[in-house]
Amino acid sequence: DADRNYVHFNNQDDVALLINNLGGTTPMEMGIIEKYVLRYLMMQQKDDAAKKKLNIKRVFIGPYLTAMDMKGFSLTLLKLDEQILNALDFAVKPKAWIPGFSIDTNAVLNGGVNVFENDNDEEEKKTQQQQKKNALLLLNDDQAQILRTLLENACTAIQEQKEELNVLDGKVGDADCGSTLDFGRKLVMNKLSSLPLNALDETLCDLGEILSDMGGSSGALYGYFFISAAQRVKQQCTTSGGVNGVAVTNALCDAVQDLMNYSGAQPGNRTLIDALLPAVKTLNEYYKQNAKNANLKQALKAAAANANEGALSTKQMKPLFGRSVYTPLEILKDVPDPGAVAVATIFKAMQKV
Numbered sequence: 013d014a015d016r017n018y019v020h021f022n023n024q025d026d027v028a029l030l031i032n033n034l035g036g037t038t039p040m041e042m043g044i045i046e047k048y049v050l051r052y053l054m055m056q057q058k059d060d061a062a063k064k065k066l067n068i069k070r071v072f073i074g075p076y077l078t079a080m081d082m083k084g085f086s087l088t089l090l091k092l093d094e095q096i097l098n099a100l101d102f103a104v105k106p107k108a109w110i111p112g113f114s115i116d117t118n119a120v121l122n123g124g125v126n127v128f129e130n131d132n133d134e135e136e137k138k139t140q141q142q143q144k145k146n147a148l149l150l151l152n153d154d155q156a157q158i159l160r161t162l163l164e165n166a167c168t169a170i171q172e173q174k175e176e177l178n179v180l181d182g183k184v185g186d187a188d189c190g191s192t193l194d195f196g197r198k199l200v201m202n203k204l205s206s207l208p209l210n211a212l213d214e215t216l217c218d219l220g221e222i223l224s225d226m227g228g229s230s231g232a233l234y235g236y237f238f239i240s241a242a243q244r245v246k247q248q249c250t251t252s253g254g255v256n257g258v259a260v261t262n263a264l265c266d267a268v269q270d271l272m273n274y275s276g277a278q279p280g281n282r283t284l285i286d287a288l289l290p291a292v293k294t295l296n297e298y299y300k301q302n303a304k305n306a307n308l309k310q311a312l313k314a315a316a317a318n319a320n321e322g323a324l325s326t327k328q329m330k331p332l333f334g335r336s337v338y339t340p341l342e343i344l345k346d347v348p349d350p351g352a353v354a355v356a357t358i359f360k361a362m363q364k365v
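With the first letter of the sequence shown counted as 1, position 136 gets the number 148 in the working numbering; the numbers rise by one all the way through.
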């Protein structure tokens with residue numbers, strides 16, 4: 013940019029790169045950004061002979077300068093000499109300063125997914141392989157309609173139970189559990205007609221992105237769960253020959269474990285995990301035992317029963333997360349966790365498929 017190019021870089025210049033998280037960009041996204049930026053700076057592009065190829069001596073990545081939870085990032089390049097590099101490497105006391113690190117040039121340039129196009133035949137081969145994998149994740153029209161019905165039933169149940177969930181949350185939290193989930197319900201219904209229901213993994217991923225926008229802890233947890241489920245379904249179904257009950261429920265169990273690792277919540281902590289985990293485990297056990305003659309309605313009925321049992325069991329649990337931590341135990345002992353009740357409500361509605 014001629015108007016703002018006040019630092020001139022020469023080919024093979026030594027530089028430090030700072031990738032600043034503005035506050036709301038996830039670690040996974042920052043890792044992707046890092047990979048693409050490094051490869052761009054370190055490789056000569058075929059269509060831009062004038063582009064400089066730089067030597068990245070240090071990379072600094074993290075929330076150095078933030079704007080609350082703003083989503084985004086900024087990039088800064090610093091030309092290096094030995095004195096500046098030694099100063100950057102000098103140990104300092106402030107914990108907010110995240111030290112830089114050197115990189116493995118060969119791994120950056122040759123490892124992982126190639127950002128730049130290679131030979132056309134190789135790209136075409138990769139495309140064909142990906143198409144075969146995608147075909148294993150497709151649902152037929154009847155299956156897609158069942159998926160749509162499941163979503164509609166879940167949304168209807170949340171709408172009907174909105175006030176009850178708010179009242180329940182008012183006893184142990186900030187009385188907005190139902191309102192938050194109902195907002196998520198509206199987001200899903202507004203996008204339902206555009207969801208790729210014939211592609212299970214894509215639908216799950218889209219649901220995760222949609223629900224992450226409903227806000228609150230529910231938005232973070234539901235969003236993470238569905239995006240993780242999309243990835244796990246893709247792994248399970250492509251290695252097991254297509255979409256089937258065992259593969260999908262294996263994926264859901266893996267996704268719940270991912271959510272537990274992400275949130276820190278475990279069974280018995282008085283969270284939605286106490287209803288979600290027994291529900292997906294029940295589904296998984298049912299399909300493993302009835303792989304050849306499985307009935308979705310029966311599977312969901314059993315899962316709903318265990319989700320409800322799990323939700324009610326939270327009355328006896330001591331909370332470790334959320335506002336419930338500050339609620340007296342004599343109140344909590346008679347009130348189930350609203351998040352767990354919401355999960356049980358969803359499974360109860362879905363068994364009507």
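The beta carbon of each residue, even a glycine, is placed where N, CA and C say it ideally should be. All values reported here derive from a predicted model rather than from experimental measurement.
Asked, Found
"Limits of the unbroken alpha helix (DSSP H) element including L312", "308-325"
"Continuous alpha helix (DSSP H) stretch holding K246: start and end", "228-251"
"Supposed contact pair L312 and Q383 - C-beta distance, whole angstroms, cut 8 Å", "Residue 383 lies beyond the residue range present for the chain, which begins at 13 and ends at 365; the question has no answer from this structure."
"Whole-number beta carbon distance between F72 and A108, since they are thought to touch under 8 Å", "Not a contact, Cβ separation roughly 12 Å."
"Beta-carbon proximity check, R282 vs A354, cutoff 9 Å", "no"
"With 16 other Cβ atoms within 10 Å as the buried cut-off, status of M80", "exposed"
"N32, enclosing beta strand (DSSP E) - first and last residue", "26-33"
"Beta-carbon gap between V267 and T294 smaller than 9 Å", "In the sequence as displayed, the identity of residue 267 is Ala instead of Val. No; because the gap between Cβ atoms is not below 9 Å, this pair is not in contact."
"Pairwise C-alpha distance: K183 and K345", "11 Å"
"Secondary structure of M362, DSSP reduced to three states", "helix"
"Cut-off 6 Å between Cβ atoms - residues of its own chain near T357, not counting five sequence neighbours on either side", "A169, Q173"
"Beta-bridge partners of G7, as assigned by DSSP", "As displayed, the chain neither begins before 13 nor continues past 365, which places residue 7 out of reach and without an answer."
"Cβ-Cβ distance between G185 and G334 below 9 Å", "yes"
"Inter-residue Cα distance where the pair is D154 and N262", "22 Å"
"Whole-angstrom distance between I158 and N165, CA atom to CA atom", "10 Å"
"Bridge-paired residues (DSSP) for M201", "Partner(s): none; M201 has no beta bridge."
"Rounded Cβ spacing between A259 and D213 (contact assumed at less than 8 Å)", "So it is not a contact: roughly 11 Å between Cβ atoms."
"T4, DSSP secondary structure in three states", "The structure shown has nothing for residue 4, since the chain only spans 13 to 365."
"Residues near Y76 by beta carbon distance below 6 Å, same chain, minus five either side", "N32"
"Element boundaries [beta strand (DSSP E), containing T161]", "Looking at the DSSP string, T161 is not in any beta strand (DSSP E); the run it does join, the alpha helix (DSSP H), is 153-172."
"Host alpha helix (DSSP H) of K64 (start-end)", "Where K64 is concerned, there is no enclosing alpha helix (DSSP H), given that its DSSP letter is neither H nor E."
"Run of the beta strand (DSSP E) containing T88, from where it starts to where it stops", "85-91"
"Host alpha helix (DSSP H) of Y52 (start-end)", "39-54"
"Beta-carbon proximity of L177 to P331, cut-off 9 Å", "no"
"Boundaries (first-last residue) of the alpha helix (DSSP H) holding G220", "212-223"
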